[in-house]
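Student: Those letters in the sequence shown? Residues -27 to -1, 1 to 292, per mature numbering (1 follows the signal peptide of the UniProt record, and there is no 0), in order.
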Amino acid sequence: MLKSKNTLFILSAVLVFSLLLSGMVSAQETTFLSIATGGTSGTYYPIGGAIAKVLNENIDDMNASAQSTGASVTNTRLIYNQEVELAILQNDIASYAVNGERQFEGNQVNNMSGIASLYPEVIQIIVRNDAGIKSIADLKGKSVAVGAPGSGAEANANQILNFFGLTYDDIQEDYLSFGEAASRLKNRQIDAAFLTAGIPTAAVMDVAATQDITLLNFSDEDIASLNESYPYLTGVTVPAGTYNGLDNDIQTVALKAILVAESSLSEEVVYNITKAIFENRDTLIAAHDRARDITLEGAKSGMTVELHPGAQKYYDEVK
């Protein structure tokens, strides 16, 4: 009887150990991914959330989540410090990072790989109609939101102001996220705001619903000169009607939002990520209309960092 009890105890112990081991193995096989995006009132955040949803629903043992951040520059540093696995950022900031230029001089980012170009990011300079601002030069002496610290929008604001002969010394600069800038515009606490995002941008729609606004227009000559100085900036039209009260087409400049990975992610994981994104575009489009621009045909257009081998493997298969 004692022998039988000992045998039963041993079998039970083995069973419990096996179950525990099985649970540990299962946990070890789960891939956890953080996707660095941007402020909740921009385009990165809903797109990043939709990508996380697609990955979780279409890749076994995947646990992905979107993380709200200060956007491009911050996201690049999060990748560099291996604090996130995926990030959305502007292609100009990505180029500066991998080449150790501008704000990344002396801090070259060598662990960033490309997955896909996503959509055009439009530089929008939003002004209150009653602020008396008709051109970049009119921003002098005005209160201007230049973007959140560490954002691509702030980098673009700096570039454009400098291009037109202005610096932060000439304006009352305010480092605000898209949502914060929208709130200050609605309350007439600032006169203008720089935003770089896919259109329509939720923050701008929010302001336009209660406030008469317009976007500053760039001439053909301005766009040509900006493109010569900053090759990533290309001319784009914001169609009339994009926002409430925007009665005329507006010419401005845009660059590309890209999805990047921390380079140590395995080829298999990044292959599965790339495949899931392009084979489930409908889910992305349902989250934000800008996802219509995420196409296989444009997946490598504007990509300014070397593709991750996993992404390249997928593109080689479907070409």
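Glycine is no exception: its CB is placed at the ideal position from the N, C-alpha and C atoms.
1) Count the other C-beta atoms from every protein chain shown that fall within 10 angstroms of the C-beta of Asn131, then say buried if there are 16 or more, exposed otherwise.
2) In angstroms with no decimal places, state the Cα-to-Cα distance between Tyr288 and Tyr92.
3) Note down, in chain order, each residue of its chain lying with its Cβ closer than 6 Å to the Cβ of residue 294, except the 5 sequence neighbours on either side.
4) Using the Cα positions of Glu2 and Val180, report the straight-line distance between them to the nearest angstrom.
5) For a test of the three-state rule: what should DSSP assign to Pro19, helix, strand or coil?
6) Please name the residue in Ala166, Tyr203 and Gly208 whose C-alpha comes closest to that of Ile106.
7) Provide the residue span of the beta strand (DSSP E) that contains Phe167, from first to last.
8) Let me check one thing: in DSSP terms, what residues is Ala154 bridge-paired to?
9) Could you give the DSSP three-state label for Asn132: helix, strand or coil?
10) What beta strand (DSSP E) runs, 3 residues minimum, are completely inside the stretch 206 to 265?
11) Quick one, which of Val211, Ile98, Val177 and Gly73 has its alpha-carbon nearest Asp222's?
12) Are the CB atoms of Tyr205 and Gln63 nearer to each other than 9 Å?
13) Could you check how far apart the C-beta atoms of Ile32 and Ala249 are, in whole angstroms? I think they sit under 8 Å.
14) Does DSSP put Val278 in a helix, a strand or coil?
15) Please classify Asn54 as buried or exposed, where buried requires at least 16 other C-beta atoms within 10 Å of its C-beta.
16) If you drop the 5 nearest sequence neighbours on each side, which residues of the same chain put their C-beta closer than 6 Å to that of Glu153?
Tutor: Concretely, from the data shown:
1) What you label residue 131 is simply residue 158 of the sequence shown in a count that begins at 1. It counts as buried.
2) Locating residue 288 in the sequence shown gives position 315, where the first residue counts as 1. Locating residue 92 in the sequence shown gives position 119, where the first residue counts as 1. One C-alpha to the other measures close to 18 Å.
3) The structure shown does not extend to residue 294, since the chain is modelled only from -27 to 292, so the question has no answer here.
4) Within the sequence shown, numbered from 1, the residue matching residue 2 stands at position 29. Within the sequence shown, numbered from 1, the residue matching residue 180 stands at position 207. Each residue's Cα considered, the two are about 46 Å apart.
5) Position 46 of the sequence shown, counted from the start, is the residue given in the question as residue 19. Note: Pro19 maps to helix in three-state DSSP.
6) For the purposes of this step, residue 106 is identified with residue 133 of the sequence shown, where counting begins at 1. Looking at Ala166, Tyr203 and Gly208, the one whose alpha-carbon comes closest to that of Ile106 is Ala166.
7) Counting from one through the sequence shown, the residue named residue 167 turns up at place 194. It spans Ala165 to Ala170 - the beta strand (DSSP E) in which Phe167 sits, taken as one unbroken run.
8) Start at 1 with the first residue of the sequence shown, and residue 154 comes out as number 181. DSSP output for Ala154 lists no bridge partner at all.
9) Translated into positions along the sequence shown, residue 132 becomes position 159. It should be noted that the sequence gives Gln, not Asn, for residue 132. In the structure shown, Gln132 sits in a helix (DSSP, three-state: H, G or I).
10) 207 to 211 and 223 to 235
11) Here residue 222 corresponds to residue number 249 of the sequence shown, with the count starting at 1. Among Val211, Ile98, Val177 and Gly73, the Cα nearest to that of Asp222 is on Val211.
12) Sequence index remark: in the sequence shown, residue 205 carries index 232 (1-based). Sequence index remark: in the sequence shown, residue 63 carries index 90 (1-based). Contact: yes.
13) Residue 32 sits at position 59 when you count from the first residue of the sequence shown. Residue 249 sits at position 276 when you count from the first residue of the sequence shown. Ile32 to Ala249, Cβ: 6 Å. Contact.
14) Counted from its first residue, the sequence shown places residue 278 at position 305. If DSSP states are grouped into helix, strand and coil, Val278 belongs with coil.
15) By 1-based counting over the sequence shown, the position of residue 54 is 81. Exposed, by the Cβ-count rule.
16) Residue numbering aside, residue 153 sits at position 180 when the sequence shown is read from its first letter. The beta carbon of Glu153 is closer than 6 Å to none in its chain, skipping five residues each way along the sequence.
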